[in-house]
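Student: Questions regarding the structure given below will be posed in turn.
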Amino acid sequence: MSPAFTPYMLWATVGFLVMCAGLIMRRQRRVHVPLMLLAIAMDLSLVALLEIERGAVETAVSFRLGVLPQLHVIFSSLATFLYVPVVVLGFRRWRGVGSFVERTWHIRLGLLAFSCRALGFLLMFSLLDRKI
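Under my numbering, the residue at position 101 of the sequence shown is numbered 100, and the numbers go up by one with no gaps.
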(Lines of atoms letter the chains of each structure in order from A and count residues from 1; the text may use other names and numbers.)
(Lines give C-alpha, C1' and ligand atoms only; values in the text may rest on other atoms or scores of the structure.)
Protein backbone atom coordinates (compact mmCIF):
# COMPACT_ATOMS: atom_id res chain seq x y z
CA MET A 1 0.00 0.00 0.00
CA SER A 2 1.44 3.36 -1.01
CA PRO A 3 1.43 6.36 1.32
CA ALA A 4 -1.29 8.96 0.97
CA PHE A 5 1.30 11.61 0.26
CA THR A 6 5.03 11.37 -0.49
CA PRO A 7 7.61 13.98 0.60
CA TYR A 8 7.97 14.93 -3.08
CA MET A 9 4.25 15.54 -3.33
CA LEU A 10 4.35 17.63 -0.18
CA TRP A 11 7.14 19.76 -1.70
CA ALA A 12 5.19 20.07 -4.97
CA THR A 13 2.05 21.06 -3.05
CA VAL A 14 3.84 23.79 -1.13
CA GLY A 15 5.38 25.06 -4.37
CA PHE A 16 2.00 25.05 -6.10
CA LEU A 17 0.40 26.96 -3.22
CA VAL A 18 3.22 29.52 -3.34
CA MET A 19 2.59 29.88 -7.08
CA CYS A 20 -1.14 30.35 -6.48
CA ALA A 21 -0.35 33.06 -3.92
CA GLY A 22 1.98 34.73 -6.43
CA LEU A 23 -0.73 34.70 -9.07
CA ILE A 24 -3.28 36.16 -6.66
CA MET A 25 -0.79 38.92 -5.74
CA ARG A 26 0.13 39.68 -9.37
CA ARG A 27 -0.78 43.36 -9.07
CA GLN A 28 1.58 43.84 -6.12
CA ARG A 29 4.96 43.50 -7.81
CA ARG A 30 6.98 43.49 -4.55
CA VAL A 31 5.10 40.37 -3.46
CA HIS A 32 4.39 38.75 -6.84
CA VAL A 33 8.00 38.57 -8.03
CA PRO A 34 9.53 36.82 -4.98
CA LEU A 35 6.62 34.39 -4.66
CA MET A 36 6.74 33.38 -8.31
CA LEU A 37 10.53 33.05 -8.31
CA LEU A 38 10.34 30.90 -5.16
CA ALA A 39 7.64 28.68 -6.72
CA ILE A 40 9.64 28.25 -9.92
CA ALA A 41 12.81 27.50 -7.95
CA MET A 42 10.92 24.91 -5.91
CA ASP A 43 9.63 23.27 -9.10
CA LEU A 44 13.04 23.18 -10.75
CA SER A 45 14.74 21.86 -7.61
CA LEU A 46 12.15 19.09 -7.38
CA VAL A 47 12.75 18.12 -11.01
CA ALA A 48 16.52 18.05 -10.38
CA LEU A 49 16.09 16.00 -7.21
CA LEU A 50 13.81 13.47 -8.92
CA GLU A 51 16.27 13.16 -11.78
CA ILE A 52 19.22 12.60 -9.45
CA GLU A 53 17.44 10.16 -7.14
CA ARG A 54 15.17 8.32 -9.55
CA GLY A 55 16.19 8.98 -13.13
CA ALA A 56 12.86 10.68 -13.75
CA VAL A 57 13.73 11.79 -17.29
CA GLU A 58 14.63 8.25 -18.35
CA THR A 59 11.37 6.93 -16.89
CA ALA A 60 9.37 9.66 -18.60
CA VAL A 61 10.84 9.15 -22.07
CA SER A 62 10.58 5.36 -21.82
CA PHE A 63 6.77 5.65 -21.94
CA ARG A 64 6.44 2.89 -19.32
CA LEU A 65 3.95 5.03 -17.41
CA GLY A 66 0.19 4.88 -17.80
CA VAL A 67 -1.80 7.58 -19.59
CA LEU A 68 -2.44 9.83 -16.56
CA PRO A 69 1.13 9.70 -15.22
CA GLN A 70 2.42 10.38 -18.74
CA LEU A 71 0.10 13.39 -19.01
CA HIS A 72 1.52 14.56 -15.66
CA VAL A 73 5.00 14.43 -17.17
CA ILE A 74 3.91 16.26 -20.33
CA PHE A 75 2.11 19.11 -18.57
CA SER A 76 4.80 19.48 -15.91
CA SER A 77 7.49 19.56 -18.61
CA LEU A 78 5.59 22.19 -20.59
CA ALA A 79 5.29 24.34 -17.48
CA THR A 80 9.01 23.97 -16.82
CA PHE A 81 9.92 25.01 -20.37
CA LEU A 82 7.53 27.97 -20.24
CA TYR A 83 9.18 29.28 -17.07
CA VAL A 84 12.15 30.50 -19.14
CA PRO A 85 10.36 33.07 -21.34
CA VAL A 86 8.04 34.03 -18.47
CA VAL A 87 10.99 34.82 -16.19
CA VAL A 88 12.90 36.64 -18.95
CA LEU A 89 9.89 38.78 -19.87
CA GLY A 90 9.05 39.33 -16.21
CA PHE A 91 12.61 40.43 -15.49
CA ARG A 92 12.41 42.95 -18.33
CA ARG A 93 9.15 44.29 -16.88
CA TRP A 94 10.68 44.47 -13.41
CA ARG A 95 13.62 46.45 -14.82
CA GLY A 96 11.19 48.79 -16.57
CA VAL A 97 12.44 48.08 -20.09
CA GLY A 98 9.67 45.73 -21.25
CA SER A 99 7.23 46.93 -23.88
CA PHE A 100 3.45 46.57 -23.80
CA VAL A 101 3.77 43.64 -26.20
CA GLU A 102 6.26 41.95 -23.85
CA ARG A 103 3.88 42.56 -20.94
CA THR A 104 1.09 40.91 -22.92
CA TRP A 105 3.28 37.89 -23.71
CA HIS A 106 4.48 37.67 -20.10
CA ILE A 107 0.84 37.44 -18.99
CA ARG A 108 -0.19 35.00 -21.74
CA LEU A 109 2.77 32.66 -21.28
CA GLY A 110 2.52 32.99 -17.50
CA LEU A 111 -1.10 31.91 -17.50
CA LEU A 112 -0.29 29.06 -19.89
CA ALA A 113 2.60 27.95 -17.63
CA PHE A 114 0.33 28.16 -14.58
CA SER A 115 -2.39 26.16 -16.35
CA CYS A 116 0.13 23.46 -17.31
CA ARG A 117 1.49 23.49 -13.75
CA ALA A 118 -2.03 23.13 -12.32
CA LEU A 119 -2.81 20.20 -14.62
CA GLY A 120 0.55 18.60 -13.81
CA PHE A 121 -0.13 19.10 -10.11
CA LEU A 122 -3.55 17.44 -10.30
CA LEU A 123 -2.22 14.60 -12.42
CA MET A 124 0.65 14.09 -9.95
CA PHE A 125 -1.76 12.15 -7.75
CA SER A 126 -2.07 9.50 -10.46
CA LEU A 127 1.46 8.49 -9.44
CA LEU A 128 0.32 7.32 -6.01
CA ASP A 129 -0.33 3.80 -7.29
CA ARG A 130 3.26 3.53 -8.50
CA LYS A 131 6.23 2.87 -6.27
CA ILE A 132 7.71 6.35 -6.52
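Glycine included, each C-beta is placed from N, C-alpha and C at the ideal position.
Please list the terminal residues of the continuous alpha helix (DSSP H) segment that includes L121.
Tutor: Where L121 is concerned, the enclosing alpha helix (DSSP H) stretches over F99 to M123.
Student: Between which residues of its own chain and T79 is the CB-CB distance below 8 Å, once the five residues before and five after are set aside?
Tutor: Around T79: D42, L43 and V46.
Student: Round the Cβ separation of L108 and P84 to the nearest angstrom and send it over; I've been treating them as touching at under 8 Å.
Tutor: The Cβ separation is near 5 Å, so the contact holds.
Student: Go through its chain and collect everything with a Cβ distance to E101's Cβ below 8 Å, but skip five positions before and after it.
Tutor: Hits under 8 Å: L88, R91 and R92.
Student: So, helix, strand or coil for V72, using DSSP?
Tutor: Helix, per DSSP.
Student: Taking buried to mean at least 16 other C-beta atoms within 10 Å of its own C-beta, is L190 buried or exposed?
Tutor: Given a span of 0 to 131 for the chain in the structure shown, any question on residue 190 remains unanswerable.
Student: At what residues does the alpha helix (DSSP H) containing T12 begin and finish?
Tutor: From DSSP, the alpha helix (DSSP H) with T12 extends over P6 to I23.
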